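Here's the structure, in structure tokens; my notes come after.
Numbering (UniProt numbering), first residue to last: 1 to 369.
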């Protein structure tokens, strides 16, 4: 029996947790059983994800983003499904408002359709209440389509399952997996990476990693650091990521007069090593389907301050602290906590999140379900 043609659909944006899930998981699928092809619905200016797909031997096509031209987006999918035949189509989404690709996949292919929910709210929201009301209406309609069309429903948490499918019935909750060995503390990397940015080894390095968008709350993280640094001059802030809020963050840094204390990295394929360079990670998300970054950081025994919007199963070790609400004083006080100076031994509880285990589970599900 030949390999099955598997289409993986995702945003394919550098720094996106959804994209990291794809690159963490699908390379472990048996190449004799699955022939993987991809479609990206996001925009990746540096084309880093395109390069990564090429290295893996995956073809990556990009659809016209729906927010740029909805008609072209729909017509692209229609042509694509008419011209290409797949055995399995695996949709990775953060919400259900863009349900047209699923309807078209159902109409023009005989593929098994998998829907995987990665978030517990929208990736992007409108400031206009009328537009939000329209979006909510379309999204609620989409939930019905996702439920009726999907042959297999997967979610990263109960919250993300309810958000996309409006039910827990017939939804498989599967933790995001990570390459545990890649994220273990690395003393050499700590010294070398700090040297690259001229950060003294004894300075307290506070980090933020993720797409610079509203739901990740990077401006709040910056305010927390600015407040903390007033009484802690030997502290630095590292922001890793790109996104629509980048210019606003740079301006805020300038207005606060802390340009010398804040470092930016737009893109890195060494995020696992940067966790070793940090002393604390701030993760104040407004909403989150899972929370891959704080999970990765715990493997490195890095202290993490996370909002209570992160999925409960991510709070594995004593190094991650849950903070209710967004009171700047509460977060600043937690930064005063003493951090673990050893960091060498990974907590065995994290073995549950081994990506190989998750990959086998998912591949078996889509093959046999």
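Beta carbons: idealized from backbone N, C-alpha and C, even for Gly.
Owing to the predicted nature of the structure, the values given are computational and were not obtained by experimental measurement.
Check your understanding: Tell me which same chain residues have a C-beta within less than 6 Å of the C-beta of residue 343, skipping the five on either side of it?
Key -> 185 and 301
Review point. Just checking, does the segment 209 to 217 make contact with the segment 280 to 287 on the three C-beta pairs under 8 Å criterion?
Key: yes
**Study point:** Close Cβ partners of residue 297 (< 7 Å) along its chain, the five nearest in sequence each way excluded
**Key:** 275, 281 and 304
Point to revise | Close-in-space but distant-in-sequence residues of the same chain around residue 228 (CB under 7 Å, 5 per side omitted) | key: 235, 332 and 335
Review point. How about the segment 238 to 256 and the segment 168 to 180: do they share at least three Cβ pairs that are nearer than 8 Å?
Key: no
Check your understanding: In its own chain, which residues sit with a C-beta less than 7 Å from the C-beta of residue 273, not counting the 5 before and 5 after it?
Key -> Closer than 7 Å at the Cβ level, and outside the excluded window around residue 273, lie 186, 189 and 193.
Practice item. Kindly indicate the opening and closing residues of the beta strand (DSSP E) around residue 189. Key: No beta strand (DSSP E) holds residue 189; the alpha helix (DSSP H) holding it covers 187 to 196.
**Study point:** Three-pair Cβ contact test at 8 Å for the segment 5 to 21 versus the segment 35 to 42
**Key:** yes
Practice item. Alpha carbon to alpha carbon, how far is residue 125 from residue 134? Give it in angstroms, no decimals. Key: Roughly 11 Å between the two C-alpha positions.
Check your understanding: Between which two residues does the alpha helix (DSSP H) harbouring residue 333 extend?
Key -> 328 to 334
Review point. How long is the line joining the alpha carbons of residue 357 and residue 60, rounded to whole angstroms?
Key: 25 Å
Check your understanding: Out of 268, 269 and 254, which has the shortest C-alpha to C-alpha gap to residue 262?
Key -> 254
Check your understanding: What residue from 259, 177, 92 and 64 has the CA that sits closest to residue 79's CA?
Key -> 64
**Study point:** Alpha carbon of residue 92 to alpha carbon of residue 51, nearest angstrom
**Key:** 20 Å
Check your understanding: Among 82, 252, 102 and 83, which one has its Cα closest to the Cα of residue 89?
Key -> 102
Review point. By how many angstroms is the C-alpha of residue 24 removed from the C-alpha of residue 112?
Key: 22 Å
Point to revise | Distance between residue 35 and residue 86 (C-alpha atoms, nearest Å) | key: 10 Å
Review point. If you follow the beta strand (DSSP E) that residue 213 is part of, which residue opens it and which one closes it?
Key: Where residue 213 is concerned, there is no enclosing beta strand (DSSP E), given that its DSSP letter is neither H nor E.
Exercise for review: Give the straight-line distance between the Cα atoms of residue 122 and residue 81, rounded to the nearest whole angstrom.
Suggested key: Between residue 122 and residue 81, the C-alpha separation is close to 26 Å.
Check your understanding: For the beta strand (DSSP E) that contains residue 263, what are its first and last residues?
Key -> 262 to 265
Check your understanding: residue 34 bridges to which residues according to DSSP?
Key -> 4
Practice item. Drop a sphere of 10 angstroms on the beta-carbon of residue 294, count the other beta-carbons inside from all chains shown, and report buried for 16 or more, exposed for fewer. Key: Counting Cβ neighbours within 10 Å, residue 294 comes out buried, since at least 16 surround it.
**Study point:** Own chain, CB closer than 8 Å to residue 147, minus 5 neighbours either side, in chain order
**Key:** 153, 165, 166 and 167
**Study point:** Backbone secondary structure at residue 204 - three-state DSSP
**Key:** strand
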